[in-house]
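What follows is a short report on a single structure.
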Amino acid sequence: MTIEEMFGDLYSIDIMAEKKTGEIVLFLICYGFIDGEEKTQRALLTKIEAYLKYTKSAEFQNEYLKCPIILRVTFKEKPDQLILDLLKNSQSWIMEYDVTLEVEINNKTIKLLP
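In the working numbering, the protein residues as written are 1 to 114.
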């Protein structure tokens with residue numbers, strides 16, 4: 001699969017929703033099997049960075065300044081373990097943006113243990 005087939009446009013938000021509880025959920029949707037190749041890892045980090053930068057944009061801040069933010073990375077099938085390790089190791093970086101990372105595989109939220 002190409003990077004675009006796995007992640008879509010690396011610089012756009014796939015889906016954004018506001019929960020009834022007031023949380024904003026940004027969905028990063030991954031298609032097919034996500035391999036652990038270096039170029040795939042770089043692409044995923046690029047897409048995550050685009051999401052994080054969006055949360056600090058004037059457009060987002062004006063609308064959702066006080067809302068808790070969740071970045072939910074969703075996979076239809078379990079990705080390569082290197083991808084899960086990458087996400088686990090990215091949690092502190094993501095938290096620097098006041099964003100909580102969630103990972104979902106086949107509609108089930110998983111815990112990324114330290």
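C-beta: ideal position from N, C-alpha, C; glycine also.
- DSSP, read as helix, strand or coil, puts phenylalanine 75 in strand.
- In this structure, aspartate 80 sits near isoleucine 34, with a CB-CB distance shorter than 8 Å.
- Residue pairing from DSSP places glutamate 18 in a beta bridge opposite Ile24.
- The residues Ile3, Met6, Phe7 and Leu10, in chain order, have a CB closer than 8 Å to that of alanine 43 in the same chain once the five nearest residues on each side in sequence are set aside.
- In the DSSP assignment, leucine 52 falls within the unbroken alpha helix (DSSP H) covering 38–55.
- In this structure, the alpha-carbon of leucine 87 lies about 27 Å from that of lysine 20.
- The three-state secondary structure of lysine 108, taken from DSSP, is strand.
- Of the candidates Leu26, Met1, Val25 and Glu49, Glu49 places its Cα closest to the Cα of tryptophan 93.
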